[in-house]
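> In my numbering, the protein residues as written are 315 to 583.
#1: Are the beta-carbon atoms belonging to residue 521 and residue 578 less than 8 Å from one another?
#2: Using 8 Å for Cβ pairs, my map puts residue 363 next to residue 378. What's the rounded Cβ distance?
#3: Could I get the ranges of all uninterrupted alpha helix (DSSP H) runs contained in the segment 379-447, with 4 residues as the minimum, in chain order?
#4: Determine the DSSP secondary structure at residue 485, reduced to helix, strand or coil.
#5: Do you know how far the Cα of residue 461 is from the Cα of residue 351?
#6: Which residue comes first and which comes last in the alpha helix (DSSP H) that contains residue 365?
#7: Going by Cα to Cα distance, which pick from 536, 481, 552 and 567 is closest to residue 326?
#8: If you drop the 5 nearest sequence neighbours on each side, which residues of the same chain put their C-beta closer than 8 Å to that of residue 282?
#9: Reducing DSSP to helix, strand and coil, say where residue 335 ends up.
#10: Can you name, in chain order, every residue of its own chain whose Cβ lies under 7 Å from the Cβ of residue 530, other than the five neighbours on each side?
#11: For the candidate residues 497, 457, 503 and 448, whose alpha-carbon lies nearest to that of residue 477?
#12: Report all residues from its chain with a CB closer than 6 Å to the CB of residue 450; omit the five preceding and five following residues, and keep chain order.
#13: Do residue 452 and residue 433 count as a contact pair if the criterion is CB distance below 8 Å?
#14: Near residue 472, which residues of its chain fall below 6 Å by C-beta distance, leaving aside the five closest residues on each side in sequence?
#15: State the CB to CB distance for the pair residue 475 and residue 323, rounded to an integer number of angstroms; the pair is presumed to be in contact (CB under 8 Å).
#16: Among the residues of its own chain, which have a CB less than 6 Å from the CB of residue 388, if the five just before and after it don't count?
#17: According to DSSP, simplified to helix, strand and coil, what is residue 450?
#18: Whose C-alpha, out of 562, 580 and 415, is nearest the C-alpha of residue 427?
#19: Could you please give the first and the last residue of the uninterrupted alpha helix (DSSP H) stretch that includes residue 459?
#20: Taking 8 Å as the threshold (C-beta atoms), are residue 406 and residue 487 in contact?
#21: For residue 468, I'd like the list of residues in its chain whose CB is within less than 6 Å of its CB, leaving aside the five on either flank, ordered along the chain.
#22: Use the C-beta contact count for residue 565: other C-beta atoms within 10 angstroms, 16 or more gives buried, fewer gives exposed.
#23: Locate the alpha helix (DSSP H) running through residue 518, then write down its first and last residues.
This is the structure we're talking about:
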């Protein structure tokens with residue numbers, strides 16, 4: 315039986331990383347621009363009230379900043395969008411902190427840090443800051459996080475026939491975990507998608523699940539060492555293959571989905 319096609323329109327993009335602070339900056343690096351001399355320290359999303367922003371960990375600020383950018387580019391009110399947030403690694407600094415604290419004599423966790431440690435913390439900060447009552451989902455799938463989230467969001471967009479926000483984010487891992495999780499780069503990327511037949515301007519994306527036991531992540535066009543390392547080591551940055559497809563909408567890409575399936579993606583202007 316032939317797999318059903320899923321279609322949507324991408325109408326807004328946001329991005330933030332160690333060397334770029336928006337989608338335009340990321341596109342420049344994908345095109346071969348030289349890296350800035352210094353790394354960015356981290357975003358300060360104005361949508362989060364100042365007191366809460368001071369306590370918000372880096373993964374939360376990454377996700378909220380890129381999400382805000384995507385909604386502004388799309389020209390939509392953030393509180394009208396169902397959202398899906400995904401991180402392949404979660405907040406490893408807080409994981410490290412809690413494990414060390416619970417293994418210590420006193421075992422007294424900071425309530426704020428415990429509150430921020432849950433995987434849906436970015437979704438929580440986003441929904442509270444925007445005042446949305448729409449559904450919010452949080453996904454984790456390590457290196458399959460991007461393909462799983464794209465499938466989840468496109469199914470929701472088509473079945474609910476409503477616009478959605480997708481946000482991919484991962485922060486550098488805690489030092490103690492670097493032997494098993496190599497990522498040392500900051501990255502976030504957000505998309506606002508609409509149903510394919512919506513009366514809005516955007517790039518049409520088509521996805522299909524297929525049987526494939528050999529699928530691997532596609533090679534990038536970019537020859538930047540920084541982009542290559544980001545793509546290889548940051549699970550959320552696997553979405554860079556889609557970012558390149560948006561810039562060069564020709565052919566298709568294949569993303570691993572599970573041990574026996576893959577997600578094919580094509581794009582039109």
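Where a beta carbon is used, it is the ideal one built from N, C-alpha and C, also for glycine.
None of the values given here were measured: they were computed from a predicted structure.
Put simply:
#1: yes
#2: Rounded, the Cβ-Cβ distance is 12 Å, inconsistent with contact.
#3: 406-416, 425-431 and 435-444
#4: coil
#5: 33 Å
#6: 364-369
#7: 481
#8: Shown here, the chain extends from 315 to 583; a query on residue 282 therefore has no answer.
#9: coil
#10: 570
#11: 448
#12: 397, 437 and 441
#13: yes
#14: 320
#15: Incorrect: roughly 12 Å between the Cβ atoms, too far for contact.
#16: 325, 326 and 506
#17: strand
#18: 415
#19: 459-474
#20: yes
#21: 320, 322 and 521
#22: exposed
#23: Run containing residue 518: none in the alpha helix (DSSP H); it sits in the beta strand (DSSP E), 517-525.
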